[in-house]
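Here's the structure we're looking at; comments come further down.
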Amino acid sequence: MSEQTKEELIEQETVQEETTTQTEETVSKEESLEEKVARLEEELKQSEEKYLRVHADFENIKKRLEREKYQAIDYASEKFAKDLLTPIDTLEMALASANADIDASELLRKLKEGIELTIKNFNTTFEKHNITKVETDGEFDPNVHNAVMQVDSENHESGQIVQELQKGYKLKDRLLRPSMVSIAN
């Protein structure tokens, strides 16, 4: 073989080696790209699962809070109702004492005492729940008083409250019922 042929053969082998190396690199790059795609698909799947779990948790919390809100509304007056049981018990005891075998004056005294105790229990319960009596001393205020009649009075100026006919009450700052009053002409 001539030297030129030897050189050509060497060149061909070098080119073949380079082509094989490039092909191997391309295959390894393709494999790494496939691995990368597989890894990214797995991360996407995990992210979707995580999203679905968080969304389901959110929906469950939303439903629970909605249910708790309605329960709170339904049972908002439970504490107040429990506190009203004491005055009811007092009234029932007063009524039961009316059946006792005692003279009329003693019975009347005991009934009066029972009614006074009941009123005291109601007032204590009202104070506990921020229910206050509307004041009727002084000037008429149409925001908290309901004038049902006008009377002539030498002791009061025109527009002043003469007499309270029915008590009014407030719950904190909100009017529950206005006081029914008579005012001076």
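Sequential numbering from 108 applies to the sequence shown in this note's numbering.
Ideal Cβ placement from N, Cα and C applies to all residues, glycine included.
Anyone know if the C-beta pair for Pro-194 and Thr-239 falls short of 8 Å?
no
Beta-carbon within less than 6 Å of Asp-259's beta-carbon, same chain only, minus the 5 sequence neighbours each way: which residues are those?
Asn-292
Arg-284 - partner residues in DSSP beta bridges
Tyr-276
Based on the DSSP secondary-structure assignment, which residues constitute the bridge partners of Val-122?
According to DSSP, which records beta bridges pairwise, Val-122 is partnered with nothing at all.
Buried versus exposed, by CB contacts within 10 Å (16 or more), Phe-247:
buried
In the DSSP assignment, what residue or residues form a beta bridge with Ala-254?
Val-288
What span of residues does the beta strand (DSSP E) with Ile-209 cover, start to end?
No beta strand (DSSP E) holds Ile-209; DSSP gives it neither H nor E.
Would you mind working out which of Asn-230, Ile-180 and Lys-169 sits nearest Lys-277, comparing C-alpha positions?
Asn-230
Beta-ladder partner(s) of Glu-246, from DSSP
Gln-267
Below 8 Å, can you find three or more Cβ-Cβ pairs linking the segment 278-292 to the segment 251-268?
yes
If you measure between the beta carbons of Asp-196 and Lys-235, is that distance less than 8 Å?
no
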